[in-house]
Amino acid sequence: MVNKIPKWNLVLVLVLISEIIVFGLINPRFWNISILLNSFNDFVAIAIIGFFVTFVIITGGIDISGGSIIGLTSVVTGILSQLVGLNIWIAVIIAITVGGLCGLINGILIAYGRVQAMVITLGGLLLYSGIAIVLVGVSGASSYEGISGFSEEFSSLAYGTVLGIPNSVILFIGMFLIAYVLLHLTKYGRYVFLTGINQNAADYSGIDTKKIIASTYVLSGLSAGVAGVMLTSYLGSARADFGSEYLMSILTIVVLGGTLITGGKGGVVGTALASIIVGFLQVGLQMGGISTQYIGLATGLLLILSVALLSVSAGSKNSIKKLLMIKSNIKEGEV
Amino acid sequence: MSIIEAITKKREVRTLLFLVLLFIVVGFVNSEFLSIGNIQNSLKSSLLYIVLAVGLTFVLLTGNIDISVGGTLGLSAAVSGLIMKNGGSIIFAIAVAVLIGAVVGLINGFGVTKLKISSFIMTLGMLEITRVVQVIYTDGKWVENLPVAFKKLSQVQVGGVNVMILMILIGVILVHLYLTKSNKGRYFSAIGDNMDGAVLLGVPVKRYVTYSFVISGVCSALAGLVFASQVGFISTNAGLGVEMTVIAAAVLGGVSLSGGVGSVIGASLGAIIMISINSALVYMKIPAFWNAVISGALLIIIVVIDAQLNRRNEKRTEKERMRARVLQKSEPKVPKEEVSIVYGK
């Protein structure tokens, strides 16, 4: 049973547990469960996008436009509900659809236009955040204060609780389950992995890899839409620059979660664990009285160290295998 | 006709044509845009991006990417700024800045070649780390009151032309010659074009990949000095988001992110385009918030069209190759007698 769990995930669980113990020793308030659960609000947006960017990276692509889609959906929600006067839930649905559309544009250009994912999503990053800024500029809202004045009902999305559990935790678990089932329990998920491992082979075995690739970007766009709505509800206003600094964090949790940046290998469980580790790290450092400036240093080092560790361990595993093979060959030769 | 075709096939020429077109179109709307003063201003404000793009091109040619340029720029500018502010000599400050750039580049190169970290992740991490180090070093404050002599460096004029523009343009041309004409310079694109082939040819791949990161780091540091000299102060978020603009500029100029293709001249032209869009909007009296939309859309459109053109060209050459092979096969190589013997049995 234990053997079935990937070793990296076990490492992550250990890191998480030791993190909780260490931060708790520094500041006992860290062991307060309600504080920990409420801290999900701060990183749930990153985690949600991370789940689906995992899909994209497994197919061998990359999506750096997620952060800018957050800003766009936030602005769309704000404009439609506050300035146009639509029902807030209709506005939310339209905003999430817009996120999906952004993903669809990325996906079609990358899969069918055969342009590098990095270039297209970089263009998307500029374009979508640009559209958000234009929407704010045209609608005449203050770009600094953003569009505020949302209803109680809407802000309860982030601050409400169900059976004492904050909504953000429930959203985290819900999106995690969706991503987990899609990636690890369905045929679609197998196709995603196959596409990443060897696109040609997948093509020859009758999988429409272009459609699979495009669909992962749509999923990532949709998740960014959900994250944008969540963040708008949490912060109580809609601004174009929301999520603009999330690029680094999203990629950190995906890579720290053990997903290979070159594609073909990875999983949502690792991403989820990594997102909690990074999220708690920030909360813990803040509680430990370390100024927020240093948090970037910690996450940057974490990113580089985790990738170095992953690649070194993979390399040493290979070299051990080689050594064993040589040894067995020698033995056979002796016999 | 063939000369025109040959010229338009070159990616840099197409970029240049686009730049000229941009100036003409905006010039029709507002003729002041074509004034020498404005052109010189456009060049002046794109200098920083040109220097960054030149360094980045080295890295992109080898098939890697460097996201940390903005962080290196900010850190080296802040450190050298503080040295100058505290009475250090300008030359010492410049040397320190270059050293910082080289060290950051060396760390990047070490991570990519020795630890085998993907360059995207490695430099993304370094971006964050350099930012934080800058904030720690400057105590989160802006570096202001740089010495006047240093600020004047960017304003020296000879014959009505800014000296810094001249220096950087000459530098770009020299680097271009190095990359295209010298043996060692061509190692960079050889590595990006076909790494295994480069290894077989005896190119010290790891060393040159490290060099490329060091060059990019040094260029970022120089860009930081240009920035400090032009602006006159260094804020804590100096160079924030620069990396995306520079990558976009390089891609606009025809540098491929998969390595092996591109030139520093193209990348510099791309940088000028990215910056000219800013001032073009001002001259066309379009609100500045359209800037990101236009550059983003432009980037996507140009890249997609380019990819389609390339693919069509590849298909055509493949077809020609196939046809040539078919022609070869149709000529009977076997003497007739032998054929009859074979058929006779």
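Those protein sequence lines, which keep their order, are chains A and B.
Heads up: the first sequence begins at 855 in the working numbering, then just goes up one per residue.
Heads up: the second sequence begins at 18 in the working numbering, then just goes up one per residue.
Think of the CB as a built atom: it goes at the ideal place given N, C-alpha and C, for glycine as much as any other residue.
Buried/exposed call for residue i, threshold 16 Cβ in 10 Å
i               : result
K362 (chain B)  : For K362 (chain B), the predicted model reports a pLDDT of 43, less than 50, meaning its position is unreliable; a value from the coordinates is still stated below. So K362 (chain B) ends up on the exposed side.
D917 (chain A)  : buried
D1095 (chain A) : buried
Y1148 (chain A) : exposed
A845 (chain A)  : Examination of residue 845 (chain A) is not possible in this model, given that chain A is present from 855 through 1189 alone.
G939 (chain A)  : exposed
R968 (chain A)  : exposed
A245 (chain B)  : buried
W943 (chain A)  : exposed
Q325 (chain B)  : exposed
Y204 (chain B)  : buried
E161 (chain B)  : exposed
A95 (chain B)   : buried
Terminal residues of the alpha helix (DSSP H) in which residue i lies
i               : result
T1106 (chain A) : L1101 to L1110
V272 (chain B)  : V272 (chain B) -> no alpha helix (DSSP H), and no H or E assigned at all.
F306 (chain B)  : Note, F306 (chain B): premise wrong, no alpha helix (DSSP H); not H, not E.
Q1136 (chain A) : V1122 to M1141
N125 (chain B)  : I107 to T130
N843 (chain A)  : No information on residue 843 (chain A) is available, as it lies outside the stretch 855 to 1189 that chain A covers here.
Q247 (chain B)  : V222 to V248
L286 (chain B)  : V281 to Y300
R203 (chain B)  : N200 to D210
I56 (chain B)   : I53 to L78
T1049 (chain A) : K1041 to I1051
N863 (chain A)  : K861 to I880
F1008 (chain A) : E1006 to Y1013
W943 (chain A)  : I942 to A965
I1115 (chain A) : It is not in any alpha helix (DSSP H) - I1115 (chain A) carries neither H nor E in the DSSP assignment.
V278 (chain B)  : First-last for V278 (chain B): undefined, no H or E at that position.
Residue i to residue j span [Cα, whole Å]
i               : j               : result
G961 (chain A)  : Y1071 (chain A) : 5 Å
L1048 (chain A) : S1069 (chain A) : 14 Å
M855 (chain A)  : R1044 (chain A) : Confidence at M855 (chain A) is low in this model, with a pLDDT of 44, below 50, so its placement is unreliable and no value can be given for it.
S983 (chain A)  : N103 (chain B)  : 40 Å
G72 (chain B)   : G1138 (chain A) : 39 Å
S201 (chain B)  : D1062 (chain A) : The residue you asked about is not Ser; residue 201 (chain B) is Lys in the sequence shown. Their backbone Cα atoms lie some 43 Å apart in a straight line.
A305 (chain B)  : I933 (chain A)  : 20 Å
T927 (chain A)  : L132 (chain B)  : 39 Å
L51 (chain B)   : G1121 (chain A) : 55 Å
S1074 (chain A) : G904 (chain A)  : 8 Å
I290 (chain B)  : V129 (chain B)  : 31 Å
V149 (chain B)  : A965 (chain A)  : 37 Å
A207 (chain B)  : M972 (chain A)  : 22 Å
F1134 (chain A) : Q57 (chain B)   : 51 Å
L239 (chain B)  : S293 (chain B)  : 22 Å
N1052 (chain A) : R342 (chain B)  : 30 Å
I185 (chain B)  : N895 (chain A)  : 48 Å
G1014 (chain A) : P221 (chain B)  : 60 Å
L196 (chain B)  : L1037 (chain A) : 45 Å
L1157 (chain A) : E1099 (chain A) : 16 Å
G1143 (chain A) : E873 (chain A)  : 16 Å
V30 (chain B)   : R328 (chain B)  : 19 Å
Three-state secondary structure assigned by DSSP to residue i
i               : result
R342 (chain B)  : helix
T32 (chain B)   : helix
P164 (chain B)  : coil
I1019 (chain A) : strand
A1094 (chain A) : coil
V175 (chain B)  : strand
S252 (chain B)  : coil
I1001 (chain A) : strand
Q970 (chain A)  : coil
D1057 (chain A) : helix
G157 (chain B)  : coil
T1153 (chain A) : helix
I82 (chain B)   : coil
N886 (chain A)  : coil
Neighbour flag for residue i against chain C, beta carbons, 9 Å
i               : result
A1162 (chain A) : As a matter of chain content, chain C is missing from the structure shown, whose protein chains are A and B.
Is the region 1077-1091 of chain A in contact with the region 948-967 of chain A, if contact means three or more CB pairs nearer than 8 Å? yes
So, do the region 270-280 of chain B and the region 60-80 of chain B have three or more beta carbon pairs nearer to each other than 8 Å? yes
Quick check: the region 126-145 of chain B against the region 82-89 of chain B, are there 3 or more CB pairs under 8 Å? yes
Assess, as a yes-or-no matter, whether the region 88-106 of chain B is touched by the region 116-126 of chain B under the definition of 3 or more beta carbon pairs within less than 8 Å. yes
The region 890-905 of chain A in contact with the region 1123-1133 of chain A per 3-pair CB rule at 8 Å: yes
Quick one: any contact between the region 54-64 of chain B and the region 303-320 of chain B, if contact means 3 or more CB pairs under 8 Å? no
Is the region 165-178 of chain B touching the region 235-251 of chain B in the sense that three or more CB pairs, one from each, lie closer than 8 Å? yes
Is the region 31-42 of chain B in contact with the region 253-264 of chain B, if contact means three or more CB pairs nearer than 8 Å? no
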